[in-house]
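The structure under discussion appears below in the form of structure tokens.
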Amino acid sequence: KEKHKILHQLLQNSTSPVDL
Amino acid sequence: NPLPEGCSMLEIERITQSVLKSHIETSHYSTEELKRMAWTLYSPEETRSFQTKSAEVMWQQCAVHITNAIQYVVEFAKHISGFLDLCQNDQIILLKAGCMDVLLIRMCRAYNPINNTMLFDGKFATAHLFKALGCDDLVNSVFDLAKTLSRVQMSEEEMALFSAAVLLSPDRPWLTDVQKIQKLQEKVYVALQRCLQKEGATEQKLAKMVSKLPILKSICNLHIDKLEFFRLVHPETAYTFPPLYREVFGS
Numbered sequence: 007k008e009k010h011k012i013l014h015q016l017l018q019n020s021t022s023p024v025d026l
Numbered sequence: 586n587p588l589p590e591g592c593s594m595l596e597i598e599r600i601t602q603s604v605l606k607s608h609i610e611t612s613h614y615s616t617e618e619l620k621r622m623a624w625t626l627y628s629p630e631e632t633r634s635f636q637t638k639s640a641e642v643m644w645q646q647c648a649v650h651i652t653n654a655i656q657y658v659v660e661f662a663k664h665i666s667g668f669l670d671l672c673q674n675d676q677i678i679l680l681k682a683g684c685m686d687v688l689l690i691r692m693c694r695a696y697n698p699i700n701n702t703m704l705f706d707g708k709f710a711t712a713h714l715f716k717a718l719g720c721d722d723l724v725n726s727v728f729d730l731a732k733t734l735s736r737v738q739m740s741e742e743e744m745a746l747f748s749a750a751v752l753l754s755p756d757r758p759w760l761t762d763v764q765k766i767q768k769l770q771e772k773v774y775v776a777l778q779r780c781l782q783k784e785g786a787t788e789q790k791l792a793k794m795v796s797k798l799p800i801l802k803s804i805c806n807l808h809i810d811k812l813e814f815f816r817l818v819h820p821e822t823a824y825t826f827p828p829l830y831r832e833v834f835g836s
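Protein sequences, first through last, are from chains A and B.
Mapping of the first sequence onto our numbering: residues 7 to 26, in sequence order.
Mapping of the second sequence onto our numbering: residues 586 to 836, in sequence order.
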């Protein structure tokens, strides 16, 4: 999980790409 | 095209709509915007200034752009009905393995076949602009793919469904629930076939799209090879690449 921390975060958050 | 077992026409329609909506909402530019920008080209001086950058600077700049585009692909995947129902391990495997494929498919929207240019950082660029990367073979392959894909003339709906089908490839290594992904992909392919029929396209159009899959794979592999070589030669710069880029393309 640590290895793919950002992907995990992106998959879990509900923001749209424009906010990233 | 028979419907997959336990799948209704309503479900195929729902998938089509969710994939198309997701594709449109997560495409950085609309087709209209791209059309308007198609003749905004880099001047010879601007092109030269890119060509004379160091490999490190140019790689860094491209890595940032790719990372930005990856974020949009993640959002695209999240809104495909059924994707978030997969276990997170499989979601990550599919994204790591397939996001470059989706980026390459999307790139043909930002390609102008008349002058063989591609949108890069706000203006259209020739393949020569990327000389400083030291990867002419990779860059030329990307441009060639964009050229052949643009000849297929996919509609936005077709491109959306094709991207989703590629992302949902059940043959990626280390997947947990292959069957679930296989079923999802099957439904997306049925939706794509229905879409092609609706638009009056021939069977050949789907065959043309599918025939590009080995080229997509070879370009993805070439990108990884080039990145590994760059990492060997410039380890400090590679370490400063965006964390998401390193996460997705790390071994």
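Virtual Cβ for every residue (Gly too), placed ideally from N, Cα, C.
This one's a predicted model, so the numbers in the text were calculated from it and none came from an experiment.
Beta-carbon neighbours of residue i, restricted to chain A and to distances below 9 Å
{"i": "residue 828(B)", "result": "11, 12"}
{"i": "residue 605(B)", "result": "None at all; the shortest Cβ gap to chain A is about 17 Å."}
Residues that residue i contacts on chain A, provided the C-beta gap is smaller than 8 Å
{"i": "residue 832(B)", "result": "9, 10, 11, 12, 13"}
{"i": "residue 673(B)", "result": "14, 17"}
Residue j beta carbon less than 8 Å from that of residue i
{"i": "residue 601(B)", "j": "residue 675(B)", "result": "no"}
{"i": "residue 877(B)", "j": "residue 690(B)", "result": "One cannot answer for residue 877(B) here, as it falls past the ends of chain B, which runs 586 to 836."}
{"i": "residue 668(B)", "j": "residue 611(B)", "result": "no"}
{"i": "residue 766(B)", "j": "residue 755(B)", "result": "yes"}
{"i": "residue 643(B)", "j": "residue 595(B)", "result": "no"}
{"i": "residue 774(B)", "j": "residue 792(B)", "result": "no"}
{"i": "residue 657(B)", "j": "residue 710(B)", "result": "no"}
{"i": "residue 784(B)", "j": "residue 608(B)", "result": "no"}
{"i": "residue 777(B)", "j": "residue 815(B)", "result": "no"}
{"i": "residue 723(B)", "j": "residue 811(B)", "result": "yes"}
{"i": "residue 651(B)", "j": "residue 688(B)", "result": "yes"}
{"i": "residue 648(B)", "j": "residue 827(B)", "result": "yes"}
{"i": "residue 645(B)", "j": "residue 825(B)", "result": "yes"}
{"i": "residue 589(B)", "j": "residue 768(B)", "result": "yes"}
{"i": "residue 632(B)", "j": "residue 704(B)", "result": "no"}
{"i": "residue 666(B)", "j": "residue 736(B)", "result": "no"}
{"i": "residue 797(B)", "j": "residue 730(B)", "result": "yes"}
{"i": "residue 781(B)", "j": "residue 683(B)", "result": "no"}
Chain A contact for residue i (CB, 8 Å cutoff)
{"i": "residue 600(B)", "result": "no"}
{"i": "residue 677(B)", "result": "yes"}
{"i": "residue 589(B)", "result": "no"}
{"i": "residue 659(B)", "result": "yes"}
Nearest-angstrom Cα separation, counted from residue j out to residue i
{"i": "residue 654(B)", "j": "residue 613(B)", "result": "8 Å"}
{"i": "residue 771(B)", "j": "residue 593(B)", "result": "13 Å"}
{"i": "residue 686(B)", "j": "residue 787(B)", "result": "24 Å"}
{"i": "residue 16(A)", "j": "residue 779(B)", "result": "32 Å"}
{"i": "residue 672(B)", "j": "residue 716(B)", "result": "41 Å"}
{"i": "residue 701(B)", "j": "residue 591(B)", "result": "46 Å"}
{"i": "residue 732(B)", "j": "residue 801(B)", "result": "13 Å"}
{"i": "residue 813(B)", "j": "residue 606(B)", "result": "36 Å"}
{"i": "residue 823(B)", "j": "residue 694(B)", "result": "29 Å"}
{"i": "residue 833(B)", "j": "residue 804(B)", "result": "16 Å"}
{"i": "residue 739(B)", "j": "residue 818(B)", "result": "40 Å"}
{"i": "residue 790(B)", "j": "residue 638(B)", "result": "41 Å"}
{"i": "residue 712(B)", "j": "residue 820(B)", "result": "26 Å"}
{"i": "residue 10(A)", "j": "residue 677(B)", "result": "8 Å"}
{"i": "residue 603(B)", "j": "residue 597(B)", "result": "10 Å"}
{"i": "residue 794(B)", "j": "residue 727(B)", "result": "16 Å"}
{"i": "residue 698(B)", "j": "residue 620(B)", "result": "12 Å"}
{"i": "residue 624(B)", "j": "residue 615(B)", "result": "16 Å"}
{"i": "residue 835(B)", "j": "residue 706(B)", "result": "25 Å"}
{"i": "residue 14(A)", "j": "residue 696(B)", "result": "32 Å"}
{"i": "residue 25(A)", "j": "residue 19(A)", "result": "In this predicted model, residue 25(A) has a pLDDT of only 44, less than 50, meaning its place in the structure is not dependable enough to derive any value."}
{"i": "residue 831(B)", "j": "residue 807(B)", "result": "16 Å"}
Residue i: contacting residues in chain A (beta-carbon distance under 7 Å)
{"i": "residue 663(B)", "result": "17"}
{"i": "residue 680(B)", "result": "13"}
Alpha helix (DSSP H) segments (min. 4 residues) lying fully within the region 638 to 689 of chain B: 640 to 663
Sequence ranges, alpha helix (DSSP H) only - wholly within the region 733 to 762 of chain B, length at least 4: 741 to 752
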